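Chemist:
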Amino acid sequence: MTSHSDPVTVHVPLGARAYDVRIGTGLIDHAGAEIAPLLRRPRVAIVTDETVAGLHLKRLQAALAAQGIGSEALVLPAGEATKSWPHLTTCVEWLLEQRVERRDVVVAFGGGVIGDLVGFAAAILRRGVRFVQIPTTLLAQVDSSVGGKTGINSPHGKNLIGAFHQPSLVLADIAVLDTLTPRDFLAGYGEVAKYGLLGDAAFFEWLEVNAPRLRDDKALRQHAVAHSVAMKAGIVTRDETEQGERALLNLGHTFGHALESATGYSSRLLHGEGVAIGCALAFDLSARMGLCSQEAPSRVLAHLREMGMPAALRDIPGELPDDAALIMLMEQDKKVVDGQLRFVLARGIGEAFVSDDVQPDVLAAVLRDAR
Numbered sequence: 001m002t003s004h005s006d007p008v009t010v011h012v013p014l015g016a017r018a019y020d021v022r023i024g025t026g027l028i029d030h031a032g033a034e035i036a037p038l039l040r041r042p043r044v045a046i047v048t049d050e051t052v053a054g055l056h057l058k059r060l061q062a063a064l065a066a067q068g069i070g071s072e073a074l075v076l077p078a079g080e081a082t083k084s085w086p087h088l089t090t091c092v093e094w095l096l097e098q099r100v101e102r103r104d105v106v107v108a109f110g111g112g113v114i115g116d117l118v119g120f121a122a123a124i125l126r127r128g129v130r131f132v133q134i135p136t137t138l139l140a141q142v143d144s145s146v147g148g149k150t151g152i153n154s155p156h157g158k159n160l161i162g163a164f165h166q167p168s169l170v171l172a173d174i175a176v177l178d179t180l181t182p183r184d185f186l187a188g189y190g191e192v193a194k195y196g197l198l199g200d201a202a203f204f205e206w207l208e209v210n211a212p213r214l215r216d217d218k219a220l221r222q223h224a225v226a227h228s229v230a231m232k233a234g235i236v237t238r239d240e241t242e243q244g245e246r247a248l249l250n251l252g253h254t255f256g257h258a259l260e261s262a263t264g265y266s267s268r269l270l271h272g273e274g275v276a277i278g279c280a281l282a283f284d285l286s287a288r289m290g291l292c293s294q295e296a297p298s299r300v301l302a303h304l305r306e307m308g309m310p311a312a313l314r315d316i317p318g319e320l321p322d323d324a325a326l327i328m329l330m331e332q333d334k335k336v337v338d339g340q341l342r343f344v345l346a347r348g349i350g351e352a353f354v355s356d357d358v359q360p361d362v363l364a365a366v367l368r369d370a371r
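The sequence shown begins at 1 in the UniProt record's numbering and counts up by one.
1) What is the C-beta distance between residue 83 and residue 152, in whole angstroms, given that I count them as a contact (C-beta under 8 Å)?
2) Express the C-alpha separation of residue 64 and residue 342 in angstroms, rounding to a whole number.
3) Could you pull the DSSP bridge partners for residue 162 from this structure?
4) Taking the alpha helix (DSSP H) that residue 228 falls in, what are its first and last residues?
5) Does the Cβ of residue 184 have 16 or more other Cβ atoms within 10 Å, making it buried, or fewer, making it exposed?
6) Taking C-beta to C-beta, are residue 254 and residue 361 nearer than 8 Å?
7) Within its chain, find whatever has a CB closer than 6 Å to the CB of residue 140; leave out the 5 residues flanking it on each side and keep chain order.
8) For residue 38, I'd like the list of residues in its chain whose CB is within less than 6 Å of its CB, leaving aside the five on either flank, ordered along the chain.
9) Considering only the beta carbon of each residue, do residue 26 and residue 173 sit closer than 8 Å?
10) Would residue 100 and residue 132 be called neighbours here (beta carbons separated by less than 8 Å)?
11) Measure from the alpha carbon of residue 358 to the alpha carbon of each residue in 371, 330, 351, then state which is nearest.
12) Given residue 231, which residues of its chain have a CB within under 8 Å of its CB, disregarding the five upstream and five downstream residues?
13) For residue 352, which option in 305, 285, 321, 149 has the closest C-alpha, if you only look at C-alpha atoms?
14) Roughly how many whole angstroms lie between the Cα atoms of residue 31 and residue 97?
15) Would you identify the three-state DSSP class for residue 143, choosing helix, strand or coil?
16) From residue 59 to residue 339, what does the alpha carbon distance come to, in whole angstroms?
17) Span of the beta strand (DSSP E) holding residue 256?
18) Using the Cα positions of residue 44 and residue 69, report the straight-line distance between them to the nearest angstrom.
19) Hey, quick one: how far does the alpha helix (DSSP H) through residue 299 stretch, first residue to last?
20) Are there 16 or more other CB atoms within 10 angstroms of the CB of residue 49, so buried, or fewer, so exposed?
21) Going along the chain, which residues of its own chain have a beta-carbon closer than 6 Å to the beta-carbon of residue 53, five neighbours each way excluded?
22) Could you tell me which residues DSSP pairs with residue 11 in its beta bridges?
23) Cutting at 8 Å between CB atoms, please list the residues of its own chain near residue 289, excluding the five before and the five after it.
24) May I ask you to report which of helix, strand or coil DSSP gives residue 103?
25) Helix, strand or coil for residue 2, going by three-state DSSP, please let me know.
26) For residue 37, which of helix, strand or coil comes out of DSSP?
27) CA-CA distance, residue 13 and residue 179?
28) My output table needs one value for residue 322: the three-state DSSP class, helix, strand or coil.
29) To the nearest angstrom, report how far apart residue 11 and residue 17 are at their CA atoms.
30) Let's test the definition: count the other Cβ atoms within 10 Å of the Cβ of residue 137 and tell me whether it reaches 16, buried, or not, exposed.
31) So the beta strand (DSSP E) residue 187 belongs to, where does it begin and stop?
32) Using beta-carbon positions only, say whether residue 348 and residue 279 come within less than 8 Å of one another.
33) Measure the C-alpha to C-alpha separation of residue 197 and residue 313 and round it to an integer number of angstroms.
34) Compute the distance between the beta-carbons of residue 354 and residue 247, then report whether it is under 8 Å.
35) Answer with buried or exposed for residue 371, where buried requires no fewer than 16 other C-beta atoms within 10 angstroms of its C-beta.
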């Protein structure tokens, strides 16, 4: 049992679809008490992956059983390749075999891959069943578990098949992050830094001072996760289906998704690493277009380097496709409108905006120099 700290609650006020995000230590051991108020009958279906199941599934099922809640679990392979049609089919058919009804609750227990896949399965099962996110990675806790974006990848690109389906509750147990490898923890940090870069210069300054200690200091970690979630909740509440402001959350993602696709969604480049490199490239692009001072990209680069994160194309192992091929991959991005590539650019740290006015030659120069 992990010691239980007072959780911070961030409310996501979406009317009838409102929910709480609970952030603290020991939440897995208290999951039964947290989930029980949502249930019409005392049973849940859990979907997780092999890594998380080996580390944490028994604890979760014991916590549910302590509240008289029965559970069955489906364990899928770990990794980005699981966000695919075959595993979605497996997941949906298993949930039907478990006789999951509309009034029941499905639990997504894992990182962003499991959260996205299981959320999408819940969205299409019986035209929508409720689900609870229990994110087990830093990336999922600060980003993918909140906001209701669910989906799977296609050979054509990332997250191109999906639905908006809000969870009923999110339990972010920050103690669970102790079991992440240093690389996975840092990959998630790419999304934390993104929040400061897109809309909160003071938070980025706080990270410059405190982020190197997030691994060891749970109070700092709880603050970083809660602040990131509160920023995301605010944006999602104002723009749930990404008609405007929510697109800012994609800072670094147009580059990042193209790089993930170019590396075959493999361990060569994790999602958060792609986002970190993408943020550095977006600030470089912004400076070259005269939108922000050269100091901004230098600060972004210096901070990512201090954290030990990849920050340029040359940091990705192995060969990458040429610049023209990378730009073609960017053009498959979900943010393309009327065939126009859209980037999240910045007028400074904490001042991001969406633009479709990027000159191809400037973009090519940014990619060329990043190699």
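The beta carbon of each residue, even a glycine, is placed where N, CA and C say it ideally should be.
Since the structure is predicted, the reported quantities are computational estimates derived from the model, not experimental observations.
Modeler: In short, the structure shows the following:
1) So it is a contact: roughly 5 Å between Cβ atoms.
2) When rounded, the distance between both Cα atoms is 45 Å.
3) Residue pairing for residue 162: DSSP places it in a beta bridge opposite 151.
4) Residue 228 -> alpha helix (DSSP H) spans 218–238.
5) That one is buried.
6) No; because the gap between Cβ atoms is not below 8 Å, this pair is not in contact.
7) Cβ neighbours of residue 140 beyond the five flanking positions: 111, 112, 115.
8) Within the same chain, and ignoring the five residues on either side of residue 38 in sequence, the residues whose Cβ sits closer than 6 Å to its Cβ are 105, 168.
9) Taking 8 Å as the Cβ cut-off, residue 26 and residue 173 qualify as a contacting pair.
10) Cβ atoms of residue 100 and residue 132: not closer than 8 Å.
11) With respect to the C-alpha of residue 358, the residue from 371, 330, 351 having the closest C-alpha is 330.
12) Close CB contacts of residue 231 within its chain, under the 8 Å cut and outside five residues either way in sequence, are with 195, 199, 200, 203 (chain order).
13) Residue 285 is the option with its Cα nearest to residue 352.
14) Those two C-alpha atoms are separated by around 24 Å.
15) Looking at residue 143 - three-state DSSP - the assignment turns out to be helix.
16) Rounded to the nearest whole angstrom, the C-alpha separation of residue 59 and residue 339 is 48 Å.
17) Annotation for residue 256: no beta strand (DSSP E) segment contains it, though the alpha helix (DSSP H) segment containing it runs 253–262.
18) Distance between the alpha carbons of residue 44 and residue 69: 7 Å.
19) Per DSSP, the unbroken alpha helix (DSSP H) holding residue 299 starts and ends at 295–306.
20) With a threshold of 16 other beta carbon atoms within 10 Å, residue 49 meets it and is buried.
21) Contacts found: 75.
22) In the DSSP output, where bridge partners are listed per residue, residue 11 has 20.
23) Hits under 8 Å: 345, 358, 359, 362.
24) Coil at residue 103, not helix or strand.
25) Interpretation of residue 2 is limited by its pLDDT of 47, a score under 50 that renders its predicted location unreliable; the figure taken from the coordinates is listed afterwards. Three-state DSSP puts residue 2 in coil, outside helix and strand.
26) If DSSP states are grouped into helix, strand and coil, residue 37 belongs with the helices.
27) Approximately 32 Å between the Cα atoms of the pair.
28) Looking at residue 322 - three-state DSSP - the assignment turns out to be coil, as it is neither helix nor strand.
29) Each residue's alpha carbon lies about 11 Å from the other.
30) Residue 137 is buried by the Cβ-count criterion.
31) No beta strand (DSSP E) holds residue 187; the alpha helix (DSSP H) holding it covers 182–199.
32) Against a cut-off of 8 Å, the Cβ pair of residue 279 and residue 348 comes out as no contact.
33) Cα to Cα, residue 197 sits roughly 20 Å from residue 313.
34) Contact flag set, yes.
35) Exposed is the call here.
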